[in-house]
Structure formats: C-alpha cells, structure tokens
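Chemist:
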Amino acid sequence: MSGFTNDAPLVAAFAKAHRIAVLTGAGVSAESGLSTFRGQGGIWQKFRAEELASMDGFLANPDIVWEWYNYRREVLSKAKPNPAHAALAEWESECEEFTVITQNVDGLHRAAGSMDVVELHGNITINRCLSCDQEMREQPTRWEGKVPLCSCGGRLRPGVVWFGEMLPEDAIMRAIHAAETCDMFISIGTSTVVYPAASLPMIAAEHGAYTVEVNPDETPFSRYANLIMREPAGEAVPRLHELWRKESMARNER
Ligand SMILES: [Zn+2]
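With the sequence shown counted from 1, adding 9 to any position gets you our numbering.
Structure follows, in structure tokens:
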C-alpha cells in the first residue's frame, strides 16, 4: 500500500486519535477458522438456522438445539484469536479509550485480552436460565444428550441473541456512546447491513470521527469511510495499529 504513511489527513487523524471505537463482524472470526459456524454432520443439518437459533425452535426441539450449540462450542474451543484480535487487544492497552463492539458471539476478543468489549449478539460460551435469568459461564462439556439445567431447576439456553429477539439494551447504549464520543471509528470485517451495528459508523461520522473500513468487499458504509483497506483484517489491523503507535508517539514527543 504505497503512500499509506504519507497520507497527510490520515496521519493527522491518527496523531490525535485517543478515543477509538472498533466494530467487528464475521470477517474477523473467519480468519480464526470460524467462517462455517453451522458445521458439518449432526442431526441439526435438517433444520434451518431459524429453527435452531430461536426460542420457538428451542421449545420445539431443545435437545437438538443444544446438540448444535455443543458442537459449535467444541469447534470454538479449538479456535484461536488471530493477529487482528491480538492487535486490537494490544492497542487498547496503549490508548486512552478503546472500545471493541462486536457482532461475533465467539468471545475471541476477550480471549485475546481485550477488556472493553461490547457483545451486541451475546456470547456463546455463556448460559442463561430460562426460569431465573441467571447467567453462567459454561465450558464446552461432553454432550450427554439432554438440556443442561440451572441450580434452580430451570432449563439453560445459550447466552446469544436468537432470531426474533431484541439485542441487549445496555450493549446498544454502550455501543452508541462509544460511536458518539470516539475520534476514530474502525469498522472491520462486517457487512454493515444489520442494524443497529450498521448505524454505528454513521453515528461516529456525524459526530466528527475519522472513519476507517477494513473489508475485502465493498459495503454500504464504504462510500462514507475516510479510509478503506480492502484487505483481510489479520493484515490490515496490525498495520493500522503500528501506524497509530508511531503517530501517537510522535505527538507525545512534540
Ligand atoms: Zn435458574
């Protein structure tokens, strides 16, 4: 990418960026091998995604839904954060404010060391009780053919947002706040077509943030982004981080 570091507006934007918000989507997880999260084999193959990831589907076939989630947790237990996850976690430790807003449910940002993470669609490694609403972190366990139960006796469900369900209100509020108050917003590996995530880059732009898109493909957000990197996240994000580090150090020395 020739001319990258000679781009004056970009360098100026990086030099003053100390509140950064990042939105990540499926493209980031794909580089950790989680692109076909639906998986191969298993009785769940006969069901549509809406029949597995919905309350109606769960109530109709709880064992099959759980078998599917157990399979996904097993796949996930072998997945590792990639260079994009690692760069974002390191970046956070060097930056005044740094929020990762993610549409992914795999928990890989936290696994990489990110602390300020907003999980818009929940987290697949967390269980929630249908009766008392208590949440608990569940490690993938050997599937024993029946729905796990809470200590209160209620049935447990995965802590993800299912089809037809509202996104957690506190997560939306935190995401909007981060978009409104950041001075740089970086959208990574997300198609920016699903709301409310799709509105976040626009909110950031309206509030004066410098906006960056990292995505091999064009998205609805592309025409508004100040900088576009048509590359995999694992390559682009570490380079963005390095540039920010260089420019922010130069700023501190001035
Ligand atoms: Zn309970």
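The C-beta atom is built at its ideal place from N, Cα and C for all residues, glycine as well. This one's a predicted model, so the numbers in the text were calculated from it and none came from an experiment.
Whose CA, out of I212, A69, L236 and R164, lies closest to the CA of I185?
Modeler: I212
Chemist: At 4 residues or longer, what runs of the alpha helix (DSSP H) sit wholly inside the region 160-194?
Modeler: 178-190
Chemist: Could you tell me which residues DSSP pairs with R137 in its beta bridges?
Modeler: E144 and R166
Chemist: For R315 and V114, what's the separation of their Cα atoms in angstroms?
Modeler: Absent from the model: residue 315. The displayed extent of the chain is 10 to 263, so no value can be given.
Chemist: May I ask which residues mark the beginning and end of the beta strand (DSSP E) holding Y219?
Modeler: For Y219, the enclosing beta strand (DSSP E) has its first and last residue at Y219 to V223.
Chemist: Buried or exposed, going by whether 16 or more other CB atoms sit within 10 Å of the CB of S38?
Modeler: buried
Chemist: Taking Cβ positions, are L32 and P177 nearer each other than 8 Å?
Modeler: no
Chemist: Is the beta carbon of A168 within less than 7 Å of some heavy atom of ligand 1?
Modeler: The identity of residue 168 in the sequence shown is Gly, whereas the question assumes Ala. Answer for G168: no, Cβ out of range of ligand 1.
Chemist: Work out the CA separation of M182 and M238 for me, nearest whole Å.
Modeler: 28 Å
Chemist: If we ignore side chains and look at the alpha-carbon of each, how far apart do F230 and T201 end up?
Modeler: 7 Å
Chemist: So is Q54 buried or exposed if we call it buried at 16+ other beta carbons inside 10 Å?
Modeler: exposed
Chemist: Considering only DSSP beta bridges, list what R28 is partnered with.
Modeler: R28 pairs with E106.
Chemist: Assuming contact is defined by CB atoms lying nearer than 8 Å, are V169 and N132 in contact in what I supplied?
Modeler: yes
Chemist: Leaving out five residues on either side along the sequence, give the residues of the same chain with a beta carbon under 7 Å from the beta carbon of N91.
Modeler: E40, S41 and G243
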